[in-house]
Ligand code: ADP
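Numbering (my numbering), first residue to last: 13 to 457.
Right, here's the structure in full:
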């Protein structure tokens, strides 16, 4: 039953009681002329009137109770809303349509660093820095017609602390006639998001710069080494001619000097070649020239070429081949380069003992090339790094062995091009074993 229906019934009852009492009054004033019968009727009417009054009173009581329950429900609802508003994780404000603050929750007060009670009655624009105020006013005007402004990013001032990046979401509250009567604001501090975005942009920029620097470096290395190779070849060619001349004249001192020029020149050329190869590999410009040949023959000739190096240090250089003929399909020159690098490193880093090259056939059409030495060995911590470009275990300028630190990086990249793997096992002072595993036949792309 609706409250108004209740009210109507109650009024009817009271009216009825009123009429009965009126009637009774009139009747009792005339009581002297009344007959006993009439007195009896009057009393009955009075009793009925009292009953009606009682019912009416009961209904009023009931309605009161309903009213109290309804009021309590409204109060609980209001309290719930207040708590939601007060303890919301974001800043909430209610302002009038001109931006005068009427309500502010805890987070809003924390964000602006002003106590809640001091916020009430103040214009929100106070927290907006001078340069953004025009835009803020324009938004207030816009909100008369628009219902919602979402995530508007603006700087706000935190009292005595400074500015912070905020995102504002505003909603217009309207009355039944659709007139704007208040504004509800949600305030979020987006400083950390902004910082993360700025950092990300910075990292992306640095990344681009790094990529560009790396490209320039590779290009520079390729150009320089190419330019150096031509004059070096001339120096080596003429030194050889000179050497032959001096050899005919048997001039020992001159021969010795020219041999030094030649050896150092060759060393320099080798380093230039390494840098050139490396820059090509980095730029993915190195392609294998596949050919069918006998690996046993390549291994023997390469070891023979390096034998004089081993003999100079009285190192025993041995070769163990699975078969006297090992047919493969690979790039002969590049595979030779891998062998030379591993064997010459083994000789370079061994003072006494031996260096051994072994080649084994493995199942599934693969083979293993193993170069072991009894040299200085490589510390476990350095073993994964020696395949990185320019990494040398001894990085002092006084180190005994020369080199660019590119040999293993190139060998590693070449072996990968050959669909193979390269690994090392070593113990300090005991020696190292480098193992290359490759398919016997590399298929052209
Ligand atoms: P480079 O020989 O020009 O220095 P590499 O890339 O060929 O460069 O080798 C990198 C480093 O790995 C060497 O400087 C050396 O410290 C270590 N290394 C390579 N081979 C051996 C080996 N057989 N025994 C000990 N150390 C080695």
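Cβ coordinates follow ideal geometry from the N, Cα and C atoms, glycine included.
Is any heavy atom in the ligand ADP found nearer than 8 Å to the beta carbon of residue i?
i           : result
residue 418 : yes
residue 349 : no
residue 360 : yes
residue 421 : yes
residue 357 : yes
residue 365 : no
residue 404 : yes
residue 353 : yes
residue 258 : no
residue 446 : yes
residue 389 : yes
residue 438 : yes
residue 394 : yes
residue 289 : no
residue 385 : yes
residue 284 : no
residue 398 : yes
Roughly how many angstroms lie between the CA atoms of residue i and residue j, to the nearest whole one?
i           : j           : result
residue 308 : residue 217 : 51 Å
residue 269 : residue 420 : 32 Å
residue 183 : residue 23  : 45 Å
residue 61  : residue 117 : 57 Å
residue 145 : residue 74  : 57 Å
residue 264 : residue 343 : 41 Å
residue 57  : residue 48  : 14 Å
residue 113 : residue 204 : 27 Å
residue 235 : residue 221 : 21 Å
residue 14  : residue 111 : Because residue 14 carries a pLDDT of 49, less than 50, the predicted location of this residue cannot be relied on, and no value is offered for it.
residue 275 : residue 210 : 55 Å
residue 326 : residue 219 : 50 Å
residue 301 : residue 434 : 20 Å
residue 448 : residue 385 : 15 Å
residue 134 : residue 107 : 9 Å
residue 436 : residue 262 : 47 Å
residue 244 : residue 375 : 45 Å
residue 453 : residue 372 : 15 Å
residue 157 : residue 147 : 16 Å
residue 137 : residue 159 : 20 Å
residue 267 : residue 259 : 7 Å
residue 451 : residue 213 : 45 Å
residue 186 : residue 193 : 5 Å
residue 313 : residue 242 : 27 Å
residue 72  : residue 35  : 24 Å
Once DSSP output is grouped into helix, strand and coil, what is the label at residue i?
i           : result
residue 13  : Bear in mind that a pLDDT of 45 at residue 13, under 50, signals an unreliable position, so the number given afterwards is only what the model happens to contain. Residue state, collapsed to three classes: coil.
residue 394 : helix
residue 336 : coil
residue 208 : helix
residue 53  : helix
residue 202 : coil
residue 48  : helix
residue 298 : coil
residue 174 : strand
residue 423 : helix
residue 28  : helix
residue 451 : strand
residue 443 : strand
residue 87  : helix
residue 315 : helix
residue 262 : coil
residue 168 : strand
residue 416 : coil
residue 75  : helix
residue 544 : Within the shown structure, residues of the chain are numbered from 13 to 457, placing residue 544 beyond reach of any answer.
residue 404 : coil
residue 326 : coil
residue 433 : strand
residue 81  : helix
Check whether chain D comes within 9 Å of residue i, counting only Cβ atoms and requiring the distance to be less than that.
i          : result
residue 78 : Note that chain D does not occur in the displayed structure, where there is just one protein chain.
Check: Taking three-plus beta-carbon pairs below 8 Å as touching, is the region 82-90 in contact with the region 57-69?
Finding: no
Check: Any contact of the region 287-295 with the region 413-430, i.e. 3+ C-beta pairs under 8 Å?
Finding: yes
Next item on the list: Enumerate, from N- to C-terminal direction, the unbroken beta strand (DSSP E) stretches of 3 or more residues contained entirely within the region 333-387.
Entry: 339-342, 366-374, 378-385
Next item on the list: Note down, one range per segment and in chain order, each beta strand (DSSP E) of at least 3 residues found wholly within the region 89-147.
Entry: 103-107, 113-116
Notebook entry, point to check: Pairing CB atoms from the region 232-252 with CB atoms from the region 195-208, are three or more of them under 8 Å?
Noted result: no
Margin query: Give the list of continuous beta strand (DSSP E) stretches no shorter than 3 residues that lie fully inside the region 177-260.
Written below: 192-201
Note to self: Contact between the region 436-454 and the region 381-390 is defined here as three or more beta-carbon pairs at a separation below 8 Å; is this criterion met?
What the structure shows: yes
Item checked: Stretch pair the region 121-137 + the region 168-183: three plus CB contacts closer than 8 Å -> yes
Item checked: Cβ contact (3+ pairs, closer than 8 Å) linking the region 315-334 and the region 360-371 -> yes
Note to self: Counting beta carbon pairs with one atom in the region 344-356 and one in the region 393-402, are three or more of them shorter than 8 Å?
What the structure shows: no
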